[in-house]
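776 is the number of the first residue of the sequence shown in the numbering used here; add one for each residue after it. All C-beta atoms in this analysis are idealised placements derived from N, C-alpha and C, irrespective of residue type, glycine included. In this text the structure is predicted, and so the values were computed from the model without any measurement.
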Amino acid sequence: MHTLLVRILEHRQLSHAGQLFTISDYDVIADLHRTLAKIKSIFNAPDYCRSAIDQSVVEIVLARITAAIREMNSIETYAPALVDTLGNCLSHKMTSTDLNGTLIDTPHCKIACELLNSLFLHYSKKSVMTVTVPTAIRALNCGSDELTRNTTGYLSLAAIHNGRLLAQYSLQIITNILNGNFSLVRVIPQLYPENREPFHAHFPEILKLLKNEQTDQSERLSILQFTSMVANANPDLILKYLDDLDIFLFHSPTRTAVLHIFLSLISLNRTFALVPHLDALRRAAKVSDSDNTLATMAKIIGVIGRNDSNTANIAVDDLITMSSRLSGSLPTILKEIEGVAECFPAAVHPHLAFIRSIPETRPATSAVCARIRALSRNGYFYPTAECHEDSTVINIASSTGLEHSDDSFISKLSPKIDAPIISR
């Protein structure tokens, strides 16, 4: 150990502390294990929290050590020693009460904050995180709001590059979330693909946080992103909770996230589960001012409309109404109307006058409008069954001279179908 460190650590000569930054980084860490052992003996002493001198000594020397490690880029070598010191520190109380009964952080909490900050500066280094994360998880339950908040932020960063590592602690993280550390939900999308079962088991409790007044917008978006991932991996798990999502269709920051969940369910042939949510989609469309969002809603409504004749009537009404607001995406809406007409042509019949008038102002839509009119006319004379696997599809091309749209329902038929898959 450098003689200057001996003076400061052994003899508490704080007057020499400023000289620590004049010696080389190598001299500071040349005997690091012995230096850290001395630091631990100081903060483990019973009277450490009452000794301002001891606290200053520990804080100054630790600051110099972490700076030297950072400058010499040797964190991977010394991370285990720093983590050992951190773990030793966390064995002490992180909070206490002052004379007024106010909860305050202890000097040990300050040490823990310094060490965690130094270690998580290197959150992209797997070897550092491998030794750091297990001890950092302990810090989440330390009782100090500041230390918990800092650790949560560090773990959110670490999850970007170390999802598999953090996924080993999924249960501890879920427990912390449900106990009120809502900021931790931001790590769920990184952890879920690596360890799904704990999140499936606690899915209802996590989803309830969407309506918790203490969760902020970014946290709700993380929960909705997680829900979308569950919808892709285990769609049946979320079906009975879809009612909880309807309210978020009416808020622009969360609307797109909910629509992505609906799209996932459609792609996995769970369209039937969305029929009860057609009314919510219709009302949400009325308050949406984004053409892209409205176009997505039109696609979803169109697919839902192919479920049964009653739903088809409602869906076509909605699509016709949306066409007056979404002139830029009129071709998209017409293709969805065509898709419904292929299944339930009678649903389009009340709107033929409107559809007939469209090409007068939008000549580019004449082909799809002609197909819709032909479908309705053929369906009027030859009613078709619902769009199930045993349904008979009328070939209107032979009777009208028109070809099917590449995006039409007929082009997407498969032996088993609930609804056509929408490409995102």
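**Q.** CA nearest to the CA of residue 773, picked from 990, 1111, 888, 1034
**A.** Examination of residue 773 is not possible in this model, given that the chain is present from 776 through 1199 alone.
Q | Given residue 1117 as reference, the closest of 971, 927, 1143 once Cα atoms are compared | A | The residue given as residue 1117 occupies position 342 in the sequence shown. Out of 971, 927, 1143, 1143 has the C-alpha closest to the C-alpha of residue 1117.
Q) Does the Cβ of residue 1129 have 16 or more other Cβ atoms within 10 Å, making it buried, or fewer, making it exposed? A) For the purposes of this step, residue 1129 is taken as residue 354 along the sequence shown, with counting starting at 1. By the neighbour-count criterion, in which 16 or more other beta carbons inside 10 Å mark a residue as buried, residue 1129 falls on the exposed side.
Q) Is residue 1001 buried or exposed, if buried means 16 or more other CB atoms sit within 10 Å of its CB? A) If you number the sequence shown from 1, residue 1001 lands on position 226. So residue 1001 counts as buried.
(Q) Helix, strand or coil for residue 861? Go by DSSP, reduced to three states. (A) What you label residue 861 is simply residue 86 of the sequence shown in a count that begins at 1. Judged by DSSP in its simplified three-state form, residue 861 adopts helix.
Q.
Output needed for residue 918: all residues of its chain with C-beta closer than 7 Å, excluding positions within five of it in sequence on either side, in chain order.
A. Residue numbering aside, residue 918 sits at position 143 when the sequence shown is read from its first letter. Correct list, in chain order: 869, 870.
Q: Output the distance between the C-alpha atoms of residue 1061 and residue 1146, rounded to the nearest integer angstrom.
A: Translated into positions along the sequence shown, residue 1061 becomes position 286. Translated into positions along the sequence shown, residue 1146 becomes position 371. Each residue's alpha carbon lies about 28 Å from the other.
Q: Within the stretch 1076–1146, note down every full beta strand (DSSP E) run reaching 3 residues or more, in order along the chain.
A: Runs of the beta strand (DSSP E) spanning 3 or more residues and lying entirely within the stretch 1076–1146 do not occur at all.
Q. Counting Cβ pairs, one atom from each stretch, are 3 or more of them under 8 Å apart for the stretch 933–945 and the stretch 902–914?
A. The stretch 933–945, when compared against the stretch 902–914, does touch it at the 8 Å Cβ threshold.
Q | Counterpart residues of residue 880 in DSSP-defined beta bridges | A | Translated into positions along the sequence shown, residue 880 becomes position 105. For residue 880, the beta-bridge partners assigned by DSSP are 870.
Q | Residue interval of the alpha helix (DSSP H) (run including residue 1054) | A | Here residue 1054 is taken as the residue at index 279 of the sequence shown, counted from 1. Unbroken alpha helix (DSSP H) run through residue 1054: 1053–1062.
Q. Since residue 1006 is in the alpha helix (DSSP H), which residue starts that stretch and which ends it?
A. By 1-based counting over the sequence shown, the position of residue 1006 is 231. Residues 992–1008.
Q: Work out the CA separation of residue 1077 and residue 1175 for me, nearest whole Å.
A: As a position in the sequence shown, residue 1175 is number 400, starting the count at 1. As a position in the sequence shown, residue 1077 is number 302, starting the count at 1. Only weak support is given to the placement of residue 1175: the predicted model assigns it a pLDDT of 38, under 50, and the value that follows is read from those uncertain coordinates. Taking the straight line from one Cα to the other gives about 24 Å.
Q) Mapping DSSP to helix, strand and coil, what is residue 806? A) Mapped onto the sequence shown, residue 806 falls at position 31. Coil at residue 806, not helix or strand.
Q.
Check whether the stretch 791–805 and the stretch 814–821 are in contact - that is, three or more C-beta pairs closer than 8 Å.
A. Result no; under three Cβ-Cβ pairs closer than 8 Å.
Q) In three-state DSSP terms, what is residue 918? A) Here residue 918 is taken as the residue at index 143 of the sequence shown, counted from 1. It is coil, neither helix nor strand.
Q. For residue 782, does the three-state DSSP call read helix, strand or coil?
A. Locating residue 782 in the sequence shown gives position 7, counting from the first residue. Collapsing the DSSP output to three states places residue 782 in a helix.
Q) Going straight from the alpha carbon of residue 1171 to that of residue 1028, what length do you get? A) Reading the sequence shown from its first residue, position 396 is the one you call residue 1171. Reading the sequence shown from its first residue, position 253 is the one you call residue 1028. Confidence in residue 1171 is poor, its pLDDT being 35 and thus under 50, which makes the residue's placement unreliable; the coordinate value appears in the next sentence. Distance between residue 1171 and residue 1028, taken at the CA atoms: about 43 Å.
Q: Quick one: residues in its chain with C-beta nearer than 8 Å to the C-beta of residue 1066, no 5 flanking neighbours on either side, listed in chain order?
A: Position 291 of the sequence shown, counted from the first residue, corresponds to residue 1066. So the list reads 1101, 1103, 1104, once near-sequence residues are dropped.
Q: Consult DSSP for residue 777 and reduce its assignment to one of helix, strand or coil.
A: One-based indexing of the sequence shown puts residue 777 at position 2. DSSP places residue 777 in coil when its eight states are reduced to three.
Q) Between residue 1087 and the rest of its own chain, which residues show a CB-CB distance below 6 Å, the 5 nearest in sequence each way excluded? A) For the purposes of this step, residue 1087 is taken as residue 312 along the sequence shown, with counting starting at 1. Answer for residue 1087: 1080, 1115, 1119, 1122, listed in chain order.
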